[in-house]
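**Q** Letter by letter, the sequence shown follows residues 16 to 276 in this note's numbering.
Even for Gly, the Cβ is constructed at its ideal location relative to N, Cα and C.
First, the structure itself, so that you have it in front of you.
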Amino acid sequence: MFYCWTSVPFRLRLSSEGIYVSNDTTKATGLDFIRQIVAEDLASGKHDTVVTRFPPEPNGYLHIGHAKSIFLNFGLAAETPGGRCHLRFDDSNPETEDMEYVESIKRDVRWLGLDWGDDLYYASDYFEELYGFAVALIKKGKAYVCSLSEEKIRKYRGTVTRPGTDSPHRNRSVDENLDMFERMRGGEFADGQHVLRARIDMASANMKMRDPLLYRIRHMRHYRTDNTWCIYPMYDFTHCLSDAIEGITHSICTLEFENNR
């Protein structure tokens, strides 16, 4: 489940003052709205514990804003019997990511007094699985290879007051899309020559749902996978599926991600 928060104050309770769970499904009192939702999920049996994650992209150093996310995610897990908070690096962009940032982030999280234990993960470990998910979408007619330039994709997307326009490649056959996507992986095409897009709704009020990009071509070395891949999944595709793979029960994000749900 995905939750957003704004500047609502919260208390980090790492003692026995955890989230109390009872058979009563009425709203918990004395809790901020996030902890209230979590308490209700536990009380109703929707989840039997809490699994959160702090998922930075290793493309820079942490700042004070990250501390809020770190304490909230690790705090929710610590307050719940059997709870866990994963430290996951969402590292699907080879252009900006580096092991230097991975090590720096790990040091900073420990400096804040928190520890992920055995729950250290990398989205790049899921690249093969994510590729398989993309192939499955193509086979179901839910994704297609688009050959528009970046500029034209932006133009075809429309505006907040004007619906988008279908790509001329939107109705490629499943077989053609599968063939082209496999050739993209094989390194046959140049950067930017093709992308894989989800087939959703080019008139959606949420512009992020107007056939968003799922994969792009980048002939660039990745700091963990080296040159194994030349196509990389987009953040919005990678992030939610990584949550699903890891069994994350509560996805806590700030409001700038609200339209990404």
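(1) For the beta strand (DSSP E) that residue 232 lies in, which residues bound it at each end?
(2) Anyone know if the C-beta pair for residue 218 and residue 178 falls short of 8 Å?
(3) Starting from residue 135, trace the beta strand (DSSP E) both ways and give me its first and last residue.
(4) Specify the secondary structure class of residue 175 as computed by DSSP and reduced to three states.
(5) Quick check on the DSSP output: what are the complete beta strand (DSSP E) runs of length 3 or more inside the segment 41 to 93, in order along the chain?
(6) Our contact map puts residue 213 next to residue 158 with C-beta atoms below 8 Å; I'd like the distance itself, whole angstroms only.
(7) Sort 49, 211 and 248 by Cα distance to residue 187 and report the nearest one.
(8) Which residues does DSSP pair with residue 161 in a beta bridge?
(9) Please report the straight-line C-alpha distance between residue 136 and residue 125, rounded to a whole angstrom.
(10) Is the Cβ-Cβ distance between residue 91 and residue 67 less than 8 Å?
(11) In angstroms with no decimal places, state the Cα-to-Cα distance between residue 240 and residue 102.
(12) At the level of alpha carbons, what is the spacing between residue 109 and residue 199?
(13) Three-state secondary structure (DSSP) at residue 263?
(14) DSSP three-state call for residue 250: helix, strand or coil?
(15) To the nearest whole angstrom, what separates the beta carbons of residue 138 and residue 253, a pair I think is in contact under 8 Å?
(16) Just reading off the beta strand (DSSP E) that residue 99 is part of, what are its end residues?
(17) Specify the secondary structure class of residue 255 as computed by DSSP and reduced to three states.
(18) Using DSSP with H/G/I as helix, E/B as strand and the rest coil, what is residue 281?
(19) Between residue 264 and residue 87, what straight-line distance do the alpha-carbon atoms span, to the nearest angstrom?
(20) Where do the ends of the alpha helix (DSSP H) carrying residue 192 lie?
(21) Consult DSSP for residue 241 and reduce its assignment to one of helix, strand or coil.
(22) How would you call residue 183, buried or exposed, if buried means at least 16 neighbouring beta carbons within 10 angstroms?
(23) Can you give me the C-alpha to C-alpha distance between residue 37 and residue 63, rounded to a whole angstrom?
**A** Answer, in terms of the structure:
(1) Where residue 232 is concerned, the enclosing beta strand (DSSP E) starts and stops at 228 to 232.
(2) Cβ atoms of residue 218 and residue 178: closer than 8 Å.
(3) Here the beta strand (DSSP E) through residue 135 covers 135 to 137.
(4) If DSSP states are grouped into helix, strand and coil, residue 175 belongs with coil.
(5) Within the segment 41 to 93, the runs of beta strand (DSSP E) that reach at least 3 residues and sit entirely inside it are, in chain order, 66 to 69.
(6) Yes, they are in contact, since the Cβ atoms of residue 213 and residue 158 sit about 5 Å apart, within 8 Å.
(7) Minimum Cα distance to residue 187 is reached at 211.
(8) Residue pairing by DSSP places residue 161 opposite 210 in a beta bridge.
(9) Those two C-alpha atoms are separated by around 16 Å.
(10) In contact: residue 91 and residue 67 (Cβ atoms closer than 8 Å).
(11) Within the model, the alpha-carbon separation for residue 240 versus residue 102 is close to 19 Å.
(12) Whole-angstrom Cα-Cα distance: 16 Å.
(13) Of the three classes helix, strand and coil, the one that applies to residue 263 here is coil, per DSSP.
(14) Helix, per DSSP.
(15) Rounded to the nearest angstrom, the Cβ distance from residue 138 to residue 253 is 5 Å, consistent with a contact under 8 Å.
(16) First-last of the beta strand (DSSP E) with residue 99: 99 to 104.
(17) When secondary structure is reduced to three states using DSSP, residue 255 falls in the helix class.
(18) No information on residue 281 is available, as it lies outside the stretch 16 to 276 that the chain covers here.
(19) Residue 264 and residue 87: Cα-Cα distance of roughly 14 Å.
(20) Element bounds for residue 192: 189 to 200.
(21) Of the three classes helix, strand and coil, the one that applies to residue 241 here is strand, per DSSP.
(22) Exposed, since its Cβ has fewer than 16 Cβ neighbours within 10 Å.
(23) Here residue 37 scores only 39 on pLDDT, less than 50, and its place in the model is too uncertain to base an answer on.
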